[in-house]
Each structure stands twice: as C-alpha cells, then as structure tokens.
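Going down the list, the sequences are from chains A and B. Under our numbering, the first residue of the first sequence is numbered 1, with each subsequent residue one higher. Under our numbering, the first residue of the second sequence is numbered 1001, with each subsequent residue one higher. Virtual Cβ for every residue (Gly too), placed ideally from N, Cα, C.
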Amino acid sequence: MDRIVRDIFSFGDRPFSERIGFVIFIVIVLAFPWIVESGYARAVMIKFLLFALFGLGWNLIGGYGGQVDLGQAKNVGFGAYATALMMSHWNTPFWLTIIPGMIVATAESFAVAYPMFRLRGHYFAIATLCVALAWKELFTFWDWTGGARGIELPIKPTPNFTYMEFGAIGYHYFIFGLFMMEFLFMNWFRKAKMGYELQAVRDNEDAAASLGINVTLTKVKAYCIAAALGALGGSFITVYYLYVDPDLVMPLDLSILIAMTVMVGGAGSIWGPIIGAAILIPLDMYLGAWLGGIGRYGIDFMIYALIIMIIAAREPRGIWGIIERARRRR
Amino acid sequence: MLLEVKNLVKEFGGVLANADISLEMEQGEIVGLIGPNGAGKTTLFNCIAGYHEPTGGKVFFEGEDITSWPAHRVAKIGIARTFQSMKIMPNLTVEENAMIGAFSRTGDRWVARSEARETLELVGLAKEASAYPTELPIATQKRIELARALATKPKLLMLDEVAAGLNPLETKEIIQILQLIKKEKDLTLFLTEHVMEFIMTISERVIVMAAGRKIAEGISEEVAREDKVIEAYLGERYAKGK
C-alpha cells in the first residue's frame, strides 16, 4: 500500500532538472491569478490547464498505448452531459455527477472497444472518429439532452461550492486540482504493471503476447481508463460555462486538438501533454485574436499547421522527443 | 512428458507448411530442430506457441491440451520463446524489456525489477541495463530477447534461430550462456537453426525437417550422416556421391 502511495507522489526516477522544472511550473500556476489581472489571460490559463488534463487522458491510450484515438470528444461529452443532466433535472450536487459521467464513458468505451480493436493503425483512428461523430449527431437530435440548443444551468445567487459556481479564480484552482489528480494518477500508472504492459503492447504486440500479455484486453482497459479521464474534464466544462451543447463538448475539432496537443508535446511521456498544451493553447488564443484583430484571418491556422508539420516530420515523438534526444547525445 | 506434438498439420492457402509432424520432449532435454530455409521450422514453433492456429493435430504441454490456445495463455503456462526476426521493445530500456517478462508472474514493480536484473546478469547484460535496445549491436539485442524470455521463468524455452546473424565468437558466447542457463534453471530447450554447427554442438537430440515434413530424428552425429538429411541440405547428387 505505501508503495502505491510512493509511486503516486515520487518522481525519483526522473532527472533532477525535470523535478525542478515541475516545481517551478506548479509555483507559476498557483501564483498566476494573483499576478495576472487580465481576464483574458486567466481564461487562457484555465483553457491550458483543461487541455493539459485532456492530454493526460489521451496520452494513456494514444501515447503509452500507441493507439491513435480521434474520438476523445465523445467522452468529454459524456462527462459534460452527465453533469448537466443530473444538475438540471434533479438538482444533484456537482460532486455526485463526476463519477456517473466517468462510468457512462467507461461503459460505452467498453462496449465499442472489442470490435474497434480488431482494427489497427489508421483504421482504428477512423473508427474512433466515426463513433464520436455518431454520438454527436445523436445528442444533437435527442430531446432529452436538449438537442442542438443544449442545456443551460441556472446561475446561483452566491458563490457555491456544492454546485461549483464562483469567479474565475475559483475555477483556476478547481481545474488545477483536477489536473493534479490526473497527473498523479498518470505518474502512478506509468510505473505500474499495467503501464509497462501497455507500452510493451505498443512497441511490439507479438513480443508482448509471448510474455503472457493479453494484447486485446490490455488495449481495451487502456481505452476505457482514458475515456473516464476524458469525462472528468467534460464535467468541469459544464460548470465552467454553465452550459453544454454538442458543438461545445463533442465536436471533431475537440478530438483533434486533444490528440494534437499530446503529439506536439510528446506522446508517451509524462510531460508531453503539459508542453503541448502550453504551446498550442496560447498560440491558438493569442495568435488567433491578434491576427483576427488586424484583419488577417486564417493566418493563425497556417502557422498552427506549419508547427505541426515541422514537428511531425522532424521528430514524431514531439517536443519532448527532441529534448530527450539532445540530452542523450550529450 | 513435457511437450507432445501429435500429427500437427498447418496449411497456408493450400500450401502445406507442416505436414503430419509428431514429436515428444522430456523435461530437461535440449532438442534441436534443423532443416533448410523454408522447411517449416518457424511455422511449427508458431503453432506450438499460439501464433498460428494448426489446421490439424494436437499439442500437449505437461499432459494438458494447449492446441489453438492464444499466445499469451501459452506463455503463462510456461512456454517462452524468442523470435527469428527480432521483436524488441525499442522505447523501453534493456532492463524494462526484461521486466515485462517478469511481470507475467508478479504485479510488483520492485520484484519485477530485481528479477529482471538477475536474468540480465545471467546473459551478461548487467552493464547495459539502462541503455535502449536500438543503441546496441544485434548480438546484444538477441540476448535481450533471451533475458526477457527467461524472466518469465519458463519450463520450456523455444529459441528460433538465436544464432542467426552472429559471428563465430558471438555464437560461441551464446552457446556458453545457453549451457549455463540450462544448468542453473533446469530448463528444457527447443532450438531451431539452419546452421548445423551450432545445433550439433548444443543439442542432445535433433529433429530434421524438410519441405514441411519430419524426415529424421535421433542423436546429433548419427542424424548428420543420414542420406535423407544430406539430400535435404545439399541436394540428391551429394547424398549419392557420399
């Protein structure tokens, strides 16, 4: 038991420089709302933390598992809708809606996983994309979920911990707390038996099977856990915007952006999702706003695409791959 | 009886890769499987280890019918294997590669690590533990596969052309390692090779295959003199001219 606790909190296997870097990162995030007063910058920070959290979940299946999943938005949607429906229909406290959202996402993923993992590589990616799009269509035309109009949550008169309604600073620490929970979970996961087995499956399925690993079951488990982690972020979106609709929580762009942040940052590394989100999210929000402001619409997408192409061509393991390679050469 | 193969048949779209192969193996033996390229050695290995489903026939391990079991179940029951075309996990370190093997019996990372260290020591890779496999020469990578398979603590270890692509010195080292392992772990070894020299040095008994059939079986030196074996390797003219 205390070994598990140690594995959750220990970064002892990472070099000193990385541990220092992570402490600096935590200090910056904690101090951020007290230093920066701009509402836009705070919103960017919250979006960064949200996508870092999404990235952590995607990294499990896409990075450690090597299965390119382009349907993570459906899980975000399940989490978001579970929270929205429970809170609006039954006035359920926010905290009791997280687990049901995760369960729905896990159960749906388990149901579709077995047929899906009969496919490999690109075909698997296409299948995940199709399933996610199908769910989005369903939610768009389903009256119970509010259809295309979505669900609006009532604004409470006072800051409220039960329903998680408060100012920007509150949401900042709230999402950071959720992020840290997922981060520590991943820190345990990468060192656990399942983490190793998943990486073995990613690297060579035949070899993994020869060592007693049930390849399909390992992938299915990873796919389900990643789904639960995605749903957690979805629940946050609902109380952050006090609103959900299929275009907000289930679009194709969201699936792609989640996968992209991890691939740019470094798939299969603990830091990759943070690095990727730290680059893509501010780039997206500042560059887009600035270029749009001077009437140069669309250029931000070109720059965005260029960065992704350069990284994909130069180092498939992303920015963290470049850092690691430089370090090993030294 | 540790391993028993009964009338095993494997067809690939009408091509007979294994035709009616039967063999038996006792605990503690070293058996070599030889034959020219394309004789069906690897196919037979794959059928036993659960990588191919046999078209016909049965495979028994310690009396249990394991025919058509998936590979991971075969591994759990105590049959480990290495691959002819190497299947190394490139993004895991040498030690982590071996740890994956140890994880087949334990869920504890620390136990897995110490067992991985132990097997790396045994194959002479203790110093390379934290390196990545792709940074190392082929001969070393072959040993990683060996260590990984050993870390599952198998009863039967099947080695598919473990000496292929190695120079004579490296081959000698591998033979020494295998003899050491055999002595320390009380293993049963089943090896394929098309290099006669290697298999003759290490095996107590050899089985010869050609064109998907078993053509001879017996003590190494005697088998090597049989006409059918020479014919399979060198062609009819050599066998007659002997």
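Length of the line joining the Cα atoms of residue i and residue j
| i | j | result |
| --- | --- | --- |
| B:T1192 | B:L1016 | 19 Å |
| A:K156 | A:N91 | 12 Å |
| A:L198 | B:K1183 | 34 Å |
| B:I1077 | B:M1001 | 15 Å |
| A:W290 | A:I323 | 30 Å |
| B:S1220 | B:K1214 | 15 Å |
| A:G318 | A:I310 | 10 Å |
| A:L306 | B:L1156 | 53 Å |
| A:M263 | A:L129 | 17 Å |
| B:V1206 | B:L1178 | 16 Å |
| A:G57 | B:I1066 | 38 Å |
| B:L1189 | A:I8 | 41 Å |
| A:Y40 | B:A1139 | 58 Å |
| A:F78 | A:A231 | 6 Å |
| A:A52 | A:A277 | 5 Å |
| B:L1159 | B:F1083 | 7 Å |
| A:W142 | A:K136 | 10 Å |
| B:K1242 | B:R1148 | Residue placement at B:K1242 cannot be trusted, given a pLDDT of 49 that sits under 50; what the coordinates show is reported in the next sentence. Each residue's Cα considered, the two are about 44 Å apart. |
| B:G1101 | B:P1133 | 15 Å |
| A:G121 | A:P154 | 44 Å |
| A:G321 | A:F16 | 18 Å |
| B:N1167 | A:E108 | 54 Å |
Which of helix, strand or coil DSSP assigns to residue i
| i | result |
| --- | --- |
| A:A52 | helix |
| A:V44 | helix |
| A:F261 | Here residue 261 of chain A turns out to be Thr, not Phe, going by the sequence shown. The answer is helix: DSSP assigns A:T261 an H, G or I state. |
| B:L1187 | coil |
| A:D69 | coil |
| A:I155 | coil |
| B:E1226 | coil |
| B:E1029 | coil |
| B:V1162 | coil |
| B:K1155 | coil |
| B:F1012 | strand |
| A:V36 | coil |
| A:F301 | helix |
| B:I1117 | Note that residue 1117 of chain B is Arg in the sequence shown, not Ile. In this structure, B:R1117 counts as helix in the three-state DSSP scheme. |
| A:E315 | coil |
| A:L102 | In the sequence as presented, Leu is not what sits at residue 102 of chain A; that position holds Met. Correct three-state label for A:M102: helix. |
| B:K1182 | helix |
| A:D143 | helix |
Test: residue i CB closer than 8 Å to a CB of chain B
| i | result |
| --- | --- |
| A:L53 | no |
| A:S210 | yes |
| A:Y196 | yes |
| A:G268 | yes |
| A:K219 | no |
| A:D203 | yes |
| A:Q199 | yes |
| A:I319 | no |
| A:A326 | no |
| A:A222 | no |
| A:D206 | yes |
| A:N214 | yes |
| A:K191 | yes |
Buried versus exposed call for residue i [16 or more other C-beta atoms within 10 Å across all chains shown]
| i | result |
| --- | --- |
| A:C224 | buried |
| A:L331 | Outside the displayed span of chain A (1 to 330) sits residue 331 of chain A, for which this structure offers no information. |
| A:R325 | exposed |
| A:H172 | buried |
| A:Q67 | buried |
| B:Q1141 | buried |
| A:V36 | exposed |
| A:T97 | buried |
| B:G1169 | The residue you asked about is not Gly; residue 1169 of chain B is Leu in the sequence shown. With fewer than 16 other Cβ atoms within 10 Å, it is exposed. |
| A:Y123 | exposed |
CB contact below 8 Å: residue i versus chain A
| i | result |
| --- | --- |
| B:L977 | As displayed, chain B neither begins before 1001 nor continues past 1242, which places residue 977 of chain B out of reach and without an answer. |
| B:K1076 | yes |
| B:T1214 | According to the sequence provided, residue 1214 of chain B is Lys. The question's Thr does not apply to it. So no, B:K1214 is outside the interface. |
| B:M1001 | no |
| B:G1101 | yes |
| B:A1080 | yes |
| B:E1096 | yes |
| B:N1167 | no |
Below-8 Å beta-carbon distance, residue i vs any chain D residue
| i | result |
| --- | --- |
| B:H1072 | Going by chain labels, chain D is absent from the structure shown, which instead holds the protein chains A and B. |
* Select from the segment 1137-1153 of chain B all residues with a C-beta closer than 9 Å to any C-beta belonging to chain A, and list them in chain order. => From the segment 1137-1153 of chain B, only E1145, R1148, A1149, A1151, T1152 have a Cβ closer than 9 Å to chain A.
* Asked: Residues in the segment 144-170 of chain A with C-beta within 9 Å of chain B's C-beta atoms, listed in sequence order?
  -> So the list is empty, because no residue satisfies the distance condition.
* To do: Anything in the segment 1181-1200 of chain B with a Cβ closer than 9 Å to a Cβ of chain A? List those residues in chain order, please.
  => Correct list: empty, as no residue qualifies.
* To do: With 9 Å as the limit, tell me which residues of the segment 1006-1021 of chain B have their beta carbon closer than that to any beta carbon of chain A; keep them in chain order.
  => Result list empty, no residue passes.
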